[in-house]
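So the structure is just underneath, and the comments pick up after that.
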Amino acid sequence: MTYSYPFIGRWAAIWAHRNMLPHGGKEVILKAMYALLWSVALPLGVPYLLLSGRGLRERLGIWGKGLPAAPLWAHAASMGEVRAASAVVAWLLNFKPGVRVLFTTTSSTGRDLARRRWGCAYLAPLDHPLLVRRVLRNVRPRAVLLTEGELWPGTIREARRTGIPVALINGRISERTFRWYSRFGSIMRRVIGSLDLLCVQSQRDGERFLRLGARPERTFVVGNVKGGEPEGEPLKRNALRSSFGIHPERPVLVAGSTREGEEAVLLEGLEKLWARWPDLLVVLAPRHLERLGEVERLLKEHGVRYVLRSRMEGNLPQVLLVDTMGELTKFYAMADLAFVGGSFVPLGGHNPFEPASLGLPVTFGPHMRQEGWERLCEDGAAVMVHDAVEWAKVASRLLEDPDLRLKMGRKGQEHAARLREAARRTAELLISYGIV
76 MTYSYPFIGR WAAIWAHRNM LPHGGKEVIL KAMYALLWSV ALPLGVPYLL LSGRGLRERL
136 GIWGKGLPAA PLWAHAASMG EVRAASAVVA WLLNFKPGVR VLFTTTSSTG RDLARRRWGC
196 AYLAPLDHPL LVRRVLRNVR PRAVLLTEGE LWPGTIREAR RTGIPVALIN GRISERTFRW
256 YSRFGSIMRR VIGSLDLLCV QSQRDGERFL RLGARPERTF VVGNVKGGEP EGEPLKRNAL
316 RSSFGIHPER PVLVAGSTRE GEEAVLLEGL EKLWARWPDL LVVLAPRHLE RLGEVERLLK
376 EHGVRYVLRS RMEGNLPQVL LVDTMGELTK FYAMADLAFV GGSFVPLGGH NPFEPASLGL
436 PVTFGPHMRQ EGWERLCEDG AAVMVHDAVE WAKVASRLLE DPDLRLKMGR KGQEHAARLR
496 EAARRTAELL ISYGIV
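Numbering (the working numbering), first residue to last: 76 to 511.
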């Protein structure tokens, strides 16, 4: 049970239309109904949040002490939106290193990701005016950044009422959401028209926001920013291989963030690859380390020689099983080919942009749903496969053709450069318009 603006707005709209309110009265009543329905939802939702352990205190805006002074408040729904917001924030810190950051999310997984990346992150307060006022009073943010489609009327109204600028970054709006918002008429024009800046992903998104009341002089099409963080120090392939005792010419395939059920599919394809390339090293990095025992049993059942990353020494066998955290980027950087997990099972896939940005040809399964994956394929940087047999054929072709690997890798880096440019421009607009 998640209380969200569409949920509240739907009931407010039905009430208003059924009572055939005149245009001006409708807006007043919708605002009142929004606050009233949150007041009804709070006592109904508190027992659920309390029993489910879903961050009741944080959702009520009780965040404790030690908050950064006058932070930039960045809000994102979940993990994907956190990555988008993080790219823009990273560029902002490049330009303004003294800016402090506080993240909020509507999911615990997004909060945990933001907390690992930025330190200070909480579940967002419910959008009731009293709760939002408490947070604004305690946090005193210098600005509020909302990500993609996170348009919370209570937060926007209370922030603007106290003179705090609000901007939308990586903005997008589907046709369905556009039609729904259009039913609210003047109230949505007030919400969207009060935003100080909108940086949106596409021309279509920009046109929809303009039709909903965005100010043309404050609306910019910059592109998708997800994965557009500034480049760090380049990782040297051969130096990394040397540090792991891997010969420069040994073929290396990284299977990153694999989920339950995927290792069996991969092993079916790997048997064919090992028959052709007996020295192929597979770096297998399960998404969740608590599954290591399960993966080890599977490798033993298939007669696969492996070693744990924490115990590696000397010449590496067929599989290096990663039982450590925070090293996936290094493994991608020294590899020849990547498979991105969560995509052979219906989980939406994990991040294909990181290996692509490092110059790796990328493969993933039919359940990849990370926003932007289609463009990665269209650009020639990635290939979607549907089963183990097809994956083995694609991987085999890439392993035997270094020119094709190089071509796909360059396409991936060009794609990453466009994302970085979008994130950089967003940060520059936030600064030039005085938001940050």
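Ideal Cβ placement from N, Cα and C applies to all residues, glycine included.
A check of alpha carbon separations from G331 across E306, K311 and D398 identifies D398 as the nearest.
Here M409 is buried. Its C-beta has 16 or more other C-beta atoms within 10 Å.
Here DSSP, grouped into helix, strand and coil, assigns Y381 to strand.
Distance between E453 and R485, taken at the CA atoms: about 14 Å.
Cβ-Cβ distances below 8 Å link S153 to T180, T181, S182, T184 and G185 in the same chain, with the five nearest sequence neighbours on each side left out; the list follows chain order.
The continuous beta strand (DSSP E) containing F295 extends over residues T294 to V296. In the three-state reduction of the DSSP assignment, V207 falls in the helix class. Bounds of the alpha helix (DSSP H) holding I506 are P477 to S507. Residues P441 of the same chain have their beta carbon placed closer than 6 Å to that of H461, with the five preceding and five following residues left out of the count. Annotation: G302 to L391 spans about 32 Å, alpha carbon to alpha carbon.
Annotation: the segment 410–446 contains the following complete segments of the alpha helix (DSSP H) (minimum length 4 residues), in chain order: 428–432.
Taking all protein chains shown into account, E324 has fewer than 16 neighbouring C-beta atoms within 10 Å of its C-beta and is therefore exposed. For the pair of segments examined, the segment 199–215 was found to touch the segment 229–237: the number of CB pairs separated by less than 8 Å reaches three.
Between A360 and A339, the alpha-carbon positions lie close to 14 Å from each other. Here H425 is near V415, since their CB atoms are less than 8 Å apart. In this structure, R495 lies away from V297, with their beta-carbon atoms at least 8 Å apart.
Excluding five sequence positions before and after V163, the CB atoms of its chain that fall closer than 6 Å to its own CB belong to I244, V300, A498, T501 and A502, given in chain order. The distance from the Cβ of F170 to that of I506 is about 6 Å, consistent with a contact at the 8 Å cut-off. Between the beta-carbon of Q445 and that of G155 there is about 7 Å, and that keeps the pair under the 8 Å contact cut. Boundaries around P228 are those of the alpha helix (DSSP H), P228 to R236, since no beta strand (DSSP E) includes it. Contact check for A218 against A242 passes: the beta carbons are separated by less than 8 Å. In its chain, beyond the 5 residues on either side, G224 have a beta carbon closer than 7 Å to the beta carbon of T252. Here V266 is buried. Its C-beta has 16 or more other C-beta atoms within 10 Å.
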